[in-house]
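J.:
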Amino acid sequence: MRQPLLTSTASYQALQTHALDAKQWQMRDLFAQDPQRFERLSADAAGLFLDYSKNRLDGRTLALLANLARERGVERLRDAMFAGEKINLTEHRAVLHTALRAPKDKQITVDGQDITHDVHAVLERIRTFSDAVRSGQWRGHTGREITDIVNIGIGGSDLGPKMVCLALRQFAHPRLTMHFVSNVDGHDMDAALSRVNPETTLFIIASKTFTTAETMMNANTARSWFLKHASAQSGEQALAKHFVAVSTNVEAIKKFGIDPDNMFPFWDWVGGRYSVWSAIGLPVALCVGYGYFADFLAGAHALDEHFRTAPIEQNLPMILALVGFWNREFLGCPSVSIAPYHQDLNRFPAYLQQLDMESNGKRVTRAGDIITDYETGPVIWGDVGTNGQHAYFQLLHQGTDVTPIDFIAALRPAHEFLNHHAALLANCFAQSEAFMKGKMADEVRLDLAGQGGENSAAEIERLVPHKTFPGNRPSNTILMEYLTPATLGALIALYEHKTFVQGALWDVNSFDQWGVELGKVLAKKIEAELNGASHPEQHDGSTNGLIARAKAAI
Ligand code: F6P
9 MRQPLLTSTA SYQALQTHAL DAKQWQMRDL FAQDPQRFER LSADAAGLFL DYSKNRLDGR
69 TLALLANLAR ERGVERLRDA MFAGEKINLT EHRAVLHTAL RAPKDKQITV DGQDITHDVH
129 AVLERIRTFS DAVRSGQWRG HTGREITDIV NIGIGGSDLG PKMVCLALRQ FAHPRLTMHF
189 VSNVDGHDMD AALSRVNPET TLFIIASKTF TTAETMMNAN TARSWFLKHA SAQSGEQALA
249 KHFVAVSTNV EAIKKFGIDP DNMFPFWDWV GGRYSVWSAI GLPVALCVGY GYFADFLAGA
309 HALDEHFRTA PIEQNLPMIL ALVGFWNREF LGCPSVSIAP YHQDLNRFPA YLQQLDMESN
369 GKRVTRAGDI ITDYETGPVI WGDVGTNGQH AYFQLLHQGT DVTPIDFIAA LRPAHEFLNH
429 HAALLANCFA QSEAFMKGKM ADEVRLDLAG QGGENSAAEI ERLVPHKTFP GNRPSNTILM
489 EYLTPATLGA LIALYEHKTF VQGALWDVNS FDQWGVELGK VLAKKIEAEL NGASHPEQHD
549 GSTNGLIARA KAAI
């Protein structure tokens, strides 16, 4: 059904008028005027605390944003998603990653099929298999225990398990080393294979479709490498001890030569970038054990329940989405930087990049109308603190674009170097303070004048603009007590639902990704041309030139 255009709604227009005032506000003043601002503009759920007080908004802004969410039917769409309605309109699919973390007794059906039962049947298989590998009961073809696991997948079949295994390294099995090969660049495969022994390595071929070109090429290479290096007597038979698959495509797996008993299925109602909760999370269960994998799912489920039931004004994903929408739509911020102040979350920004940009990087509404008068998904990027501070934070503090930042930190570390943790948190909090407050010209003047009279008046005036920080730059801070499987699960679910809410506000389909297709088709053509299997077609001058150069070098 065609929604009224976002910009034509009464609540959007009320926000536009309100933004004319809000653009003049200084957050310093907002804090000075309201001593309760932090208490008022913070909330918590499922082990996560969100401080959104360092944004250029007030209670009225939030009330107007909540009105917009109601007018846009965000709650209705949320309920439709949880109920398994086919809200992925271009692929006619339900969107039920939440069902993957729902408890056994929660009945959810798709096309008349009880999917909770199916989900838990696969979870049981994940438990049995991961227990067997971890305990050493599952052995390689020469009888040796598995020491290395190589996950071969890309996009959602790589980023989620890789990010989670890194984030939960404190819980990892000491015998198992995890490797992730995603890139079609042979250097990626070479780096992994040069570190593993075929007798003690388990390969997981992870692909929802089992047709993704990069994954298929990597899987075939791994297979050939294994057969070449496996002990001569066992050959093909040995494969069963070393190759398992995760996919929705049983036929393709059989064709590849993997025993369907070694296949862990999932379903088309799980989007690739939402699939770490499915059998795509098998590397996580192998790495940290099924118990912690179950805690990870439970943490996400707790956040799901909060998202499903809490009123908009106290609902963490709704708030995070509305604040982000405000910054994007009304304050003109083109990107969002993710700054986890936790080394183990170093792949979290890359994970969120796919989650958010593949979901909301869209230019047509759900009805197919081209969006011309508002912006949709921002660019998502970032790196861990404190590293970013010594690299790109300069632009964030003094550049001409305003980039909202999400700071993420655990209050307690999982190590004993407490002085490091105090320094880390001090930096995290100092940065959000600096972005909010800035340093005004008068403060700079005072500082320079106070430096023992070493600066002349003229020199002070010359330096003032360079040393001034405009401040008034928005940020959120998300805190948890420890980074655990449960809090990590909740954190990911928080961002999944944030992405969902923003997609609903923009009226885009957050669950397809047609924008990745064109490049895939052209790459196939050019690959054949580079291999000499077909004659170079007429491309544009640049592409022809590049192909010619590569052909001359190959
Ligand atoms: O090309 C994009 C994409 O389809 C992502 O959405 C997906 O996560 C990734 O490729 C991998 O897909 P598959 O799991 O089917 O190999």
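Here the numbering used here is used: the first residue of the sequence shown is 9, the next is one more, and so on.
We put the CB at the ideal spot given by N, CA and C, even for glycine.
Could you pull out every unbroken alpha helix (DSSP H) segment of at least 4 residues lying fully inside the region 252-293, listed in chain order?
T.: Taking only runs of at least 4 residues, the alpha helix (DSSP H) segments lying wholly in the region 252-293 are 258-264.
J.: From Gln351 to Gly393, what distance separates their C-alpha atoms?
T.: Rounded to the nearest angstrom, the two C-alpha atoms are 8 Å apart.
J.: Going by the C-beta, is Lys624 closer than 7 Å to any heavy atom of the ligand F6P?
T.: Residue numbering for the chain in the displayed model covers 9 to 562; residue 624 lies beyond these limits and cannot be assessed.
J.: Does DSSP put Thr485 in a helix, a strand or coil?
T.: Looking at Thr485 - three-state DSSP - the assignment turns out to be strand.
J.: With a threshold of 7 Å (Cβ to nearest heavy atom), would Glu504 be considered close to the ligand F6P?
T.: No, Cβ of Glu504 sits at least 7 Å from all heavy atoms of the ligand F6P.
J.: Under 7 Å Cβ to Cβ from Trp285, same chain only, skipping five residues before and after it: list those, please.
T.: The residues are His105, Leu108, Arg109, Leu305, Ala308.
J.: Is DSSP giving Val172 helix, strand or coil here?
T.: Three-state result, Val172: helix.
J.: Give the list of continuous alpha helix (DSSP H) stretches no shorter than 4 residues that lie fully inside the region 46-105.
T.: Here the runs fully enclosed are 67-79, 82-90.
J.: Is any non-hydrogen atom of the ligand F6P found closer than 7 Å to the C-beta of Glu366, if you look at the structure I gave you?
T.: Yes; taking the cut-off as 7 Å, the Cβ of Glu366 has a heavy atom of the ligand F6P nearer than that.
J.: From what residue to what residue does the alpha helix (DSSP H) around Ala434 run?
T.: That run of the alpha helix (DSSP H) goes 426-445.
J.: DSSP beta-bridge partners for Arg147?
T.: According to DSSP, which records beta bridges pairwise, Arg147 is partnered with Glu153.
J.: Give me the Cα-Cα distance between Phe264 and Lys114, rounded to the nearest whole angstrom.
T.: When rounded, the distance between both Cα atoms is 36 Å.
J.: For Ile123, is the classification buried or exposed, using 16 other Cβ atoms within 10 angstroms of its Cβ as the cut-off for buried?
T.: Buried, since its Cβ has 16 or more Cβ neighbours within 10 Å.
J.: Assign Met326 to one of three DSSP states: helix, strand, or coil.
T.: Of the three classes helix, strand and coil, the one that applies to Met326 here is helix, per DSSP.
J.: Have a look at the DSSP bridge pairing and note the partners of Ile160.
T.: Per DSSP, Val189, Ile213.
J.: Do Ala77 and Ile320 have their CB atoms nearer than 8 Å?
T.: Cβ atoms of Ala77 and Ile320: closer than 8 Å.
J.: Can you tell me whether Ala129 is buried or exposed, with buried defined as 16 or more other CB within 10 angstroms of its CB?
T.: Under this definition Ala129 is an exposed residue.
J.: Is Pro493 buried or exposed, if buried means 16 or more other CB atoms sit within 10 Å of its CB?
T.: It is buried - the Cβ of Pro493 has at least 16 other Cβ atoms within 10 Å.
J.: Please indicate yes or no: does the CB of Glu524 lie closer than 7 Å to some heavy atom of the ligand F6P?
T.: Note that residue 524 is Val in the sequence shown, not Glu. For the ligand F6P, at least one heavy atom lies less than 7 Å from the Cβ of Val524.
J.: Please say whether Tyr503 and Leu360 have beta carbons closer to each other than 8 Å?
T.: Yes, the pair counts as a contact, with Cβ atoms nearer than the cut-off.
J.: Go through its chain and collect everything with a Cβ distance to Thr485's Cβ below 6 Å, but skip five positions before and after it.
T.: Excluding positions up to five away in sequence, the list reads Asp59, Phe415, Ser440.
J.: Between the alpha carbons of Ser61 and Arg36, how many angstroms are there, rounded?
T.: Cα-Cα distance, rounded: 11 Å.
J.: Can you give the Cα-Cα distance for Tyr2 and Gly164, rounded to whole angstroms?
T.: In the structure as shown, the chain starts at 9 and stops at 562, and residue 2 therefore has no counterpart that could be examined.
J.: Thinking C-beta only, is Met225 closer than 8 Å to Ala253?
T.: It is not a contact, given that the beta carbons lie outside the stated cut-off.
J.: Which stretch, first to last residue, makes up the beta strand (DSSP E) that contains Asp414?
T.: Residues 413-418.
J.: Are the region 60-75 and the region 473-491 in contact at 8 Å, needing three or more beta carbon pairs?
T.: Taking 8 Å as the limit for Cβ pairs, the verdict is that the region 473-491 does touch the region 60-75.
J.: Checking the sheet assignment: what are the DSSP bridge partners for Phe477?
T.: Its beta-bridge partners are Lys447.
J.: Sort Trp514, Glu366, Asn435, His547 by Cα distance to Val524 and report the nearest one.
T.: Selected option, being the one with the closest Cα: Glu366.
J.: Answer with buried or exposed for Gly497, where buried requires no fewer than 16 other C-beta atoms within 10 angstroms of its C-beta.
T.: Result: buried.
J.: Going by DSSP, what residue range makes up the alpha helix (DSSP H) through Ala22?
T.: Unbroken alpha helix (DSSP H) run through Ala22: 18-30.
J.: Just verifying my parser: in three-state terms, what is the DSSP assignment at Asp122?
T.: Strand.
J.: Roughly how many angstroms separate the alpha carbons of Pro544 and Asp193, rounded to a whole number?
T.: Taking the straight line from one Cα to the other gives about 22 Å.
J.: According to DSSP, which residues form a beta bridge with Tyr349?
T.: The partner list for Tyr349 (beta bridge, DSSP) reads Ala417.
J.: I'd like the list of long-range same chain contacts for Ile534, defined as Cβ closer than 7 Å, with 5 residues on each side in sequence excluded.
T.: Once the five neighbours on either side are set aside, the close Cβ partners of Ile534 are Ile555.
J.: Name the DSSP beta bridge partners of Ser343, please?
T.: The partner list for Ser343 (beta bridge, DSSP) reads Val387.
J.: Please work out which residues of its chain come closer than 8 Å, Cβ to Cβ, to Ala358, disregarding the five sequence neighbours upstream and downstream, and give them in chain order.
T.: Counting only Cβ-Cβ distances below 8 Å, and skipping sequence neighbours, we find Leu167, Met171.
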